[in-house]
Each structure stands twice: as structure tokens, then as C-alpha cells.
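To start, the structure under review is shown below, and the notes come after it.
Number of protein chains: 2
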Amino acid sequence: MRVAILGTGLIGSSIGLGLRARVEDVQVVGYDRDSGALDVARRRGAIHEAARDAASAVRDADIVILAVPVLAIQKLLGEIKDHVKRSAVITDTGSSKTEIMRTAREALGSHEGFVAGHPMAGKTDFGPTAADPDLFDGATWVIAPSVTASESSITVVTNLVETLGGKPVVMDAEEHDAYVAAISHLPMMAATALFSLGRASEAWPELSSLAAGGFRDMTRLAGTDPAMSYDIAVTNRENIAHWLDRYIVTLQELRRRLVDAEGEDDLYKLLAATELDYARFRSGKVGRDEETDKGPMDIGGSFQDFVAGAWVREKFTEIMKDSEERLAKMDAEERSRRKV
Amino acid sequence: MRVAILGTGLIGSSIGLGLRARVEDVQVVGYDRDSGALDVARRRGAIHEAARDAASAVRDADIVILAVPVLAIQKLLGEIKDHVKRSAVITDTGSSKTEIMRTAREALGSHEGFVAGHPMAGKTDFGPTAADPDLFDGATWVIAPSVTASESSITVVTNLVETLGGKPVVMDAEEHDAYVAAISHLPMMAATALFSLGRASEAWPELSSLAAGGFRDMTRLAGTDPAMSYDIAVTNRENIAHWLDRYIVTLQELRRRLVDAEGEDDLYKLLAATELDYARFRSGKVGRDEETDKGPMDIGGSFQDFVAGAWVREKFTEIMKDSEERLAKMDAEERSRRKV
């Protein structure tokens with residue numbers, strides 16, 4: 000099996016290391032426009048050989064993995080479209096999916112091999128030196144098949160994800176972008192704002208000396224590679240702006256409760272309910288598991304009702320309705336595949 | 000040396016374990032109104048003996064450490080004032096200091112032993128089971144002497160902090176509260192709002208499944224013991240509200256740049272400058288060190304000028320002016336002490 004990895008940064012090199020550690024007869028060819036990163040990836044053993052351009056990297060590849068920031072993925076799709084095999088399976092690791100699906104449709108036409116992907120894993124350090132074959136262990140890995148994707152292409156990508164230790168979750172591109180805006184892109188923006196605010200203060204020398212683990216954790220995402228964060232911002236702008244608005248409103252409501260000396264009980268309840276919910280989340284109560292376990296008390300109701308406004312409910316109800324049939328169909332396909 | 004630790008949670012028990020591991024002839028007596036926590040602390044070896052109330056715990060103590068949330072510290076000061084030795088040194092570990100200084104002045108009058116403190120350390124787990132003798136290793140530990148504190152009391156608390164591995168930093172209570180509002184209390188509120196927002200969404204089952212390390216890091220402080228976060232909120236309300244306002248304005252400015260398709264260069268510069276500053280911070284460039292190392296480029300100027308508004312400059316200039324003389328005096332005292 001010949002795998003081409005375009006982009007040998009943290010994610011691409013981690014995939015290369017993971018595949019070489021877990022698959023016997025794999026041959027990994029890599030390409031990166033940064034020849035330094037390409038060289039480090041080869042020396043670290045993430046790839047067997049370095050290609051001189053994207054076209055030659057993908058020419059004989061059975062699987063092509065585009066592991067670069069979103070705008071670069073869109074560019075690469077144009078560069079490889081005339082060189083990739085008809086039988087090849089093509090996937091990516093971009094942080095937003097709608098724009099990539101659109102470009103793939105334009106570039107690849109009726110190609111049956113494009114199945115987009117997004118591993119929900121990462122760390123502060125980037126580049127091939129930070130690569131880790133176990134980076135994806137236990138991580139959710141979203142799979143968004145193109146409308147022209149064949150069943151076998153979806154199976155190949157699912158197997159790839161599972162081989163790397165990830166948990167594949169099939170999702171529409173639009174659904175993915177709405178969700179990650181809340182759970183990944185908003186936190187990145189919130190961290191950027193929080194760090195900028197402190198950093199811009201006249202008192203930064205004092206503030207930075209006092210910064211403990213809490214501030215460091217809260218601002219870690221401000222260290223996201225700007226090439227990645229910028230691409231995310233411009234390709235998922237509307238969803239992120241929406242969640243930024245909701246976040247601002249939530250902070251304003253929290254501020255109102257903070258300064259309202261009459262409503263101190265209310266503030267305590269809010270903090271206690273949040274801590275309780277957080278403890279459940281932290282102990283691993285996620286996904287549908289969580290829903291059936293409402294816990295011993297739900298005292299933060301009013302605040303949660305406030306922040307979960309009509310838009311969210313409507314948007315997700317709509318998304319869920321659209322995707323339920325599709326997901327059900329995929330589940331059935333998945334089950335029948337597994338029997339084979 | 001007899002040390003009384005009032006409050007045998009994470010901080011109190013970590014102090015107990017740290018002292019017993021590093022000081023030969025120390026006798027630690029503990030008290031906690033939660034008899035379970037007191038018992039665990041004794042069984043873990045954080046204290047030698049458990050007292051039945053605060054008054055009996057402090058009666059013969061040379062050092063009294065109040066390691067409970069801020070409002071409870073204020074209450075304890077009233078309970079111990081008639082029982083503590085005239086020669087005892089009294090300190091605390093509360094997260095805000097101005098209110099504690101006021102209460103201590105009222106309760107202890109001209110007692111020469113009160114030197115407030117705040118270790119900038121913690122973790123998500125709380126209670127004596129999470130205690131760790133090395134919790135304070137390398138952590139900044141703010142010391143705020145009362146106006147009546149003797150030089151020898153300040154020395155005792157400084158030595159205590161250094162014995163536990165902390166780095167003592169002398170500061171006014173008001174100055175401390177202004178700084179920690181930015182670097183500790185605002186992040187706590189920001190995490191609480193971010194987690195609440197996601198948790199309140201109809202899509203929480205999907206969102207929580209997709210949550211990776213970034214979201215977990217960003218929301219860790221939402222798991223702060225509500226007894227602690229509430230006390231912080233109500234005793235440092237004005238400073239926190241101020242920083243919440245600035246944070247909201249910073250987020251609004253970030254949103255404006257995000258949706259402004261004309262200003263994409265601007266957005267990239269902002270993200271790149273923040274990442275660069277963050278990398279410096281993360282590599283340990285903090286305090287005055289950082290100031291003299293401005294780094295290779297400063298392209299985020301306009302955004303930083305925007306967020307560092309007039310208030311911050313004025314407030315800190317004022318605070319710094321007030322405290323400079325005092326700090327200079329303390330530095331001199333510190334130097335002369337070290338020579339002895």
C-alpha cells in the first residue's frame with residue numbers, strides 16, 4: 000500500500016509515524032513545500048521518501064492525505080487533480096470542512112475517492128519534531144464523505160482512522176463546521192482574546208509573573224500556528240461569529256450576576272451547577288451517555304435556559320433532521336460492512 | 000515549631016505534607032469543619048493531630064495558616080482572635096486579599112504577626128486526597144504584610160514559602176487583587192462562561208463527543224470548587240467586573256476583525272503577533288525579563304494598543320507609584336535580613 004502525505008507537520012508526520020508503526024507493508028511518500036519540515040519528517044522516519052512536488056507524490060499513491068491548513072488543502076486539490084489515480088482514496092485533516100467539500104467537488108468532479116476527515120487531536124507544539132505516532136489514540140476523528148464517495152472509499156478512510164487509534168464519527172460537513180465552531184474555534188478565539196488582553200496591559204511583567212497553571216491552560220490555544228488559525232477563521236467565519244456573539248452575551252449575563260449584590264444566591268447556584276456539570280464531563284460523561292445521566296440536581300436551569308437560546312435549538316434541530324436519515328443509512332452500511 | 004493549619008483541603012494538606020517532608024522538628028495540628036477532610040488529612044500524614052475546633056488548634060501554635068476560601072478566612076479570624084498567641088505569626092492562602100486585610104485589622108488590632116499570603120498554585124482536583132508536598136515548587140507566592148506586621152513576621156512567612164519551594168513576591172493587597180483579577184479570576188469566569196455555553200446547547204451530546212484537549216484545557220477552571228470561586232467573586236467583584244468588561248470589548252474587536260473580509264491581513268497579523276507573544280510567554284519569558292526582550296517583530300501593535308486602554312495604564316501607574324516606595328523599602332529590608 001502506497002500512502003502520500005502532503006504536509007509533514009505535526010499531523011502529517013504523526014500519521015506517517017503511526018502508519019509505519021502499525022501497518023506492515025506500507026510505503027509512505029511525503030511532500031511539504033517547507034523543505035526543512037520535509038527533511039525532518041524523513042529523518043524522524045515519518046515518511047520513507049520525500050517527493051519534489053505534490054503531483055509526483057500522489058502519482059502512484061493508493062491513499063492521499065492532505066495534512067495542511069484549510070486554504071492550503073484547497074490549493075493542493077487543484078495541484079493534484081490531474082495526477083491522482085482514479086482508484087485512489089483521498090482524505091484531508093482540515094479543521095473546517097464545508098469550503099473543502101466545495102473545492103473538492105470542483106477539482107475532483109465525479110471522483111469516487113474523496114472522503115474528508117478531521118482528527119480532533121493536537122498539541123501546542125507544531126511541526127514534525129513534535130510528531131507522535133500515538134497522537135490520535137482515543138481521539139474522535141470526523142469523517143465527511145463527499146456525495147460521490149464510494150462505499151469502499153469510506154471503508155478505507157474508516158480503517159485508516161481506526162488503525163491510527165482514532166474513533167471515526169461520520170458527519171455532514173455543515174454539521175461538523177457548526178459543532179467545531181463551538182467546541183474548538185470559539186475556544187481558540189477566546190484564548191487569543193484572553194492572552195492579548197493580558198499581554199497588552201501595562202502590568203504584563205507583573206501579570207505574567209503571577210500567571211499559574213490556570214492562565215497557561217486557558218491561553219494555550221493562543222499558541223495555535225497562525226497559518227492554521229487564520230485558515231479556520233476565514234473558512235468558518237459565520238459559525239465562529241455566531242458563537243462569539245453567544246459567548247459575549249453569556250459573559251455579559253455572568254457579569255450582571257456578579258455585580259448584582261441582591262442575587263448572590265443566584266451566582267452561587269450558577270457556579271455550583273457549572274462545576275457539577277464540568278465534573279461529569281471531566282469524568283468522561285460525553286455524547287449520548289451524558290444525556291441519560293442528568294445527575295442529582297439541576298440547579299443552574301435558569302442560566303442554562305438563558306444561554307441556550309432559540310437559534311441553537313433551531314439550528315441543531317434542523318441539522319439533526321437532515322443528517323439523521325443519512326446517519327441511519329451509514330450506520331446500516333457500516334454494520335453490513337463489518338459483517339463482511 | 001508548632002504549626003496550625005485551619006482548613007485541610009488541597010492547599011492546607013499540601014502545606015502540611017510539604018512542611019513534614021522538609022522541616023525536621025515541626026509539629027502540625029489541623030482543623031477542618033469537615034471532619035471527613037480532617038480525617039483524610041491525618042491519615043495521609045498532612046497533620047500530626049486533629050483539633051476539635053479552630054480555637055484549640057491555634058492555642059499553642061507558633062505559625063497559624065488559614066487555608067480555606069476567602070469568606071471562611073474572614074470568619075476564622077473572628078474565631079481565633081482571642082486564642083492565638085501574641086508571638087504567633089498568622090498567614091492565609093486566600094485568593095483575594097483586600098477584604099481579608101480589612102477583617103484582619105478589625106479582628107487582630109495591633110497584632111504584629113499577620114502577613115497575608117496567596118500561593119499561585121492549584122489543580123482541578125480539590126480536597127486532601129489531591130494534596131501534594133511539591134504543589135508549590137517554583138510557584139509564585141504573593142506576600143502582603145499587614146500594616147502592623149513586624150519585620151520578623153515577614154521573615155517567618157518568607158521562609159515558610161521558600162521552604163515549600165515557592166517564590167515569595169511582596170505586594171500590596173489592592174495591587175494583588177487588581178492583578179489576580181486579570182490573570183486568575185477573569186480566566187475562571189471566562190472558562191465558566193465557555194463551558195456553560197457549550198453545556199447549555201441542545202447539541203451538547205455531539206459537542207462533548209468532539210471536545211479535544213483544547214476545550215478541556217480552556218474549561219478546566221469551570222471545575223473550580225464553587226465555595227472558592229463564589230468567595231473570590233464577591234470579594235473581588237469590582238476588579239473582576241472591570242476585566243470582564245475589557246474581555247468583552249476585546250472579543251467584540253476580534254469579532255469585528257473576523258467578519259471584516261476587507262481586513263484579512265489585519266486578522267492574520269493579529270493571530271500571528273499573538274502566537275509570537277504566546278511562544279515567548281510559554282518559553283518562560285515572564286516578569287521584567289520579558290520587557291527587555293521585545294522579540295524580532297511587533298506587528299500586532301494596533302490591536303494591543305486597542306485593548307490596553309487608558310484605564311489599565313492609569314490604574315497600574317497609580318498602583319505602582321503607591322507601592323514603589325514600599326517595595327523599595329521592603330527590598331532594602333529583605334537585603335539587610337539576608338545579610339544577617
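Top to bottom, those sequences are chains Y and G. Quick note, the first sequence lines up with residues 0 to 339 if you use numbering that gives the first Met the number 0. Quick note, the second sequence lines up with residues 0 to 339 if you use numbering that gives the first Met the number 0. A virtual CB, placed ideally from N, CA and C, is assigned to each residue, including glycine. What you are looking at is a predicted structure, and each value in this text was computed from that prediction instead of being measured.
Whole-Å CB distance - G:Leu250 paired with G:Thr218, under 8 Å assumed: At roughly 16 Å, the Cβ-Cβ gap does not stay under 8 Å, so G:Leu250 and G:Thr218 are not in contact.
Continuous alpha helix (DSSP H) stretch holding Y:Pro225: start and end: 225-234
Whole-angstrom distance between Y:Val28 and Y:Ala50, CA atom to CA atom: 7 Å
Y:Pro186: contacting residues in chain G (beta-carbon distance under 7 Å): Leu193, Gly213, Phe214, Met217
Positions along the segment 92-119 of chain G whose CB lies within less than 8 Å of some CB in chain Y: Met119
Assigned exposure category for G:Val146 - 16 Cβ within 10 Å defines buried: exposed
Closer than 8 Å to chain G by CB, Y:Lys328: The predicted position of Y:Lys328 is uncertain, since its pLDDT is 47 and thus under 50; a value taken from the coordinates is nonetheless stated next. False, the Cβ-Cβ gap to chain G never drops below 8 Å.
Per-residue DSSP class, three states only, for Y:Glu174: helix
Y:Gly8 versus G:Leu18 - alpha carbon distance: 46 Å
G:Ser13 versus G:Ala45: straight-line alpha-carbon distance, rounded: 7 Å
Partner residues on chain G for Y:Ser55, Cβ-Cβ distance less than 7 Å: In chain order: nothing, as chain G lies at least about 31 Å away.
Residue span of the beta strand (DSSP E) that contains Y:Lys80, given as start and end: That residue, Y:Lys80, is in no beta strand (DSSP E); it is neither H nor E in DSSP.
Listed by chain order, chain G residues near Y:Ile182 by CB distance under 7 Å: Gly197, Leu206, Leu209, Ala210, Phe214
G:Gly93: CB within 7 Å of a non-hydrogen atom of the ligand MG: What this structure holds is no ligand at all, so the ligand MG is not there to describe.
Cβ pair Y:Ile142, Y:Val114 closer than 8 Å: yes
For G:Asp52, the three-state DSSP class (helix, strand or coil): coil
Backbone secondary structure at G:Val22 - three-state DSSP: coil
G:Asp276 to G:Val39 span [Cα, whole Å]: 43 Å
Contacting residues, own chain, Cβ-Cβ under 8 Å from G:Leu206 (five flanking each side not counted): Gly197, Ser200
G:Gly116 - containing alpha helix (DSSP H), residue span: Segment 114-118 is the beta strand (DSSP E) holding G:Gly116; no alpha helix (DSSP H) there.
Other residues of its chain near Y:Glu160: CB distance less than 6 Å, five sequence neighbours each side excluded: Residue identity differs from the one stated: residue 160 of chain Y is Val in this sequence, not Glu. Excluding residues within five positions, the ones whose Cβ falls inside 6 Å are Trp140, Pro167.
7 Å Cβ cut-off: residues of chain Y touching G:Ile239: Leu257
Within 8 Å, strictly: CB atoms of G:Gly11 and G:Ala66: yes
Distance between Y:Gly126 and Y:Ser149 (C-alpha atoms, nearest Å): 33 Å
Cβ-Cβ distance between G:Ala138 and G:Gly165 below 8 Å: yes
Inter-stretch contact at 8 Å, needing at least 3 Cβ pairs: the segment 229-243 of chain Y / the segment 253-270 of chain Y: no
Neighbourhood of G:Leu243 by C-beta distance below 8 Å, restricted to the same chain and skipping five residues each side: Leu185, Met188
Proximity below 8 Å, CB of G:Ile182 to CB of Y:Leu209: yes
Endpoints, alpha helix (DSSP H) assigned at Y:Val285: Note, Y:Val285: premise wrong, no alpha helix (DSSP H); not H, not E.
Whole-angstrom distance between Y:Val169 and Y:Arg337, CA atom to CA atom: Its pLDDT being 40, under 50, Y:Arg337 is placed unreliably in this model, and the coordinates cannot settle the point.
Cβ neighbours of Y:Asp292 in the same chain (closer than 8 Å, five flanking residues each side left out): Reliability of the predicted coordinates at Y:Asp292 is poor, the pLDDT of 44 falling under 50, and no value is obtained from them.
Residues bridged to G:Asp91 [DSSP beta-bridge criterion]: G:Leu65
Helix, strand or coil at Y:Ile46 [DSSP, three-state]: coil
Within chain Y, the residues that G:Pro225 reaches when beta carbons sit closer than 7 Å: Tyr267, Leu270, Ala271, Glu274
Proximal residues to G:Gln26 (C-beta, below 6 Å), its chain only, five neighbours per side dropped: Arg1, His47
Uninterrupted alpha helix (DSSP H) stretches inside the segment 123-207 of chain Y (no shorter than 4 residues): 150-162, 172-179, 185-198
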